[in-house]
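Report on one structure; see the data block that follows.
Residue numbers (the numbering used here): 2 to 439.
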């Protein structure tokens, strides 16, 4: 089968991005392409498959959407896919909303595929001998749509969830979601109207595979470092506002009658952790002096990566372990507040309306959800997670690696700064610490 990729973005945008792409540089070394267009086609095929870890035959899987014309079939599974029979066919593909034309060429035989995988209100027109024989505008109303959430980061997943319900509401489609087992119980509890399935298939009207990666093209229309994580789902699914999050209802009573505070000191990469020497121990002692029990709810009591070792504070009670997310959600719901990082447990706490003190200087204030109790030192190097001049994910410390200033964004946040945020929270939420309850 002859495959031909077209792009929503001008192809020159991709050519400009090749010099920043390791995938493109590696392909240049071994390609047999004779022309720039042949290289583009080879690049899209390899790059998309590798990014999603999919078998090569996914591009050639059957298209079930009939058009009434023999051999002409259309669906929106893994982007737009259009089978074209042999003949003097002209195909024009555009954005129905803006009128922007992405593809307008004569083509005979083969399969036309979009490189971009995010939401577009496609408009497809097919002409034979200069007479229009078929047209279709993307309309999933009453159709089956599947979203494959292969998102491993808890925060990314929670930020994305409200857009699933909103997509179903806007388009009135039969939405199913395929996701990892560790998230299913929490999603089912927060969004019971969403149908969860075990496997993806291409018999649907449309499928989407949201992917958050530094290689924005062709997976996102903009660099995700320029977008709040709260808005990434909307960018990918074509929703231009912030939908309401679900209301969490606890499934278990509090594990204790004593007032407690939850903390999360770990992150997927330790460079995101709070690195002030002894900071967590100072903070735990302060919380206990107020009469609070302090529960550490990280997955691991000890985490070693980035040549850093982060351990559970000695004075905190050990609630670490690979526990179900719904159990964690219940603990957070009943907690007085949560103290954590710019990581998944902070997102989970916010999802259940537990007040969050977020210790985070590596990203900008707008990058995560809003909390008035965010603590960062903006008087040192900071916010490189959202700095498009560097690749935070690939660099230990983009500007100061191997210098005394390395990771100063997370080292130079003092316990005093965090305690000030906690004191404001206690006043704002009208809390009475047990030690003061006389």
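Glycine included, C-beta positions come from ideal geometry on N, C-alpha and C.
### Task
Tell me whether residue 409 is buried or exposed, calling it buried when 16 or more other Cβ atoms sit within 10 Å of its Cβ.
buried
### Neighbourhood of residue 420 by C-beta distance below 8 Å, restricted to the same chain and skipping five residues each side
284, 287
### Query
Where does residue 158 sit, in a helix, a strand or coil, going by DSSP?
helix
### Message
For residue 341, tell me which candidate among 210, 190, 361 has the shortest Cα-Cα distance.
### Response
361
### Message
Could you compute how far the alpha carbon of residue 236 sits from the alpha carbon of residue 259?
### Response
43 Å
### Task
Would you list the residues sitting across from residue 145 in a DSSP beta bridge?
175
### Message
On the DSSP letters alone, give me the boundaries of the beta strand (DSSP E) that residue 123 sits inside.
### Response
123-129
#### Entry: Cut-off 7 Å between Cβ atoms - residues of its own chain near residue 381, not counting five sequence neighbours on either side
409, 410, 413
#### Entry: Residue-level contact to chain B via CB, residue 123, 7 Å cutoff
Of the protein chains in the structure, only one exists, and it is not chain B.
### Cβ-based neighbour list, residue 6, same chain, cut-off 6 Å, excluding 5 preceding and 5 following
42, 45, 114, 116
#### Entry: Beta-bridge pairing of residue 263 - partner residues as DSSP gives them
296, 339
### Task
Return the chain-ordered ranges of every beta strand (DSSP E) run that is complete within the region 13-60 and spans a minimum of 3 residues.
none
### Message
Can you give me the C-alpha to C-alpha distance between residue 356 and residue 344, rounded to a whole angstrom?
### Response
15 Å
### Task
Kindly confirm or deny that the region 188-200 and the region 164-178 touch, where touching means at least three C-beta pairs closer than 8 Å.
yes
### Limits of the unbroken alpha helix (DSSP H) element including residue 289
280-290
### Task
Starting from residue 312, trace the beta strand (DSSP E) both ways and give me its first and last residue.
309-312
### Query
Taking C-beta to C-beta, are residue 371 and residue 422 nearer than 7 Å?
no
### Query
Can you check whether the CB of residue 126 is closer than 7 Å to the CB of residue 93?
yes
### Query
Which class does residue 397 belong to by DSSP, given the choice of helix, strand or coil?
coil
### Message
Tell me which residues share the same chain as residue 226 and place their Cβ nearer than 6 Å to its Cβ, disregarding the 5 neighbours each side in the sequence.
### Response
387, 389
### Query
Is the Cβ-Cβ distance between residue 274 and residue 311 less than 7 Å?
yes
### Query
For residue 390, does the three-state DSSP call read helix, strand or coil?
coil
### Query
Around the C-beta of residue 118, are 16 or more other C-beta atoms found within 10 angstroms, so that it is buried, or is it exposed?
buried
### Query
Considering only C-alpha positions, which residue in the set 185, 162, 31, 319 is nearest to residue 261?
319
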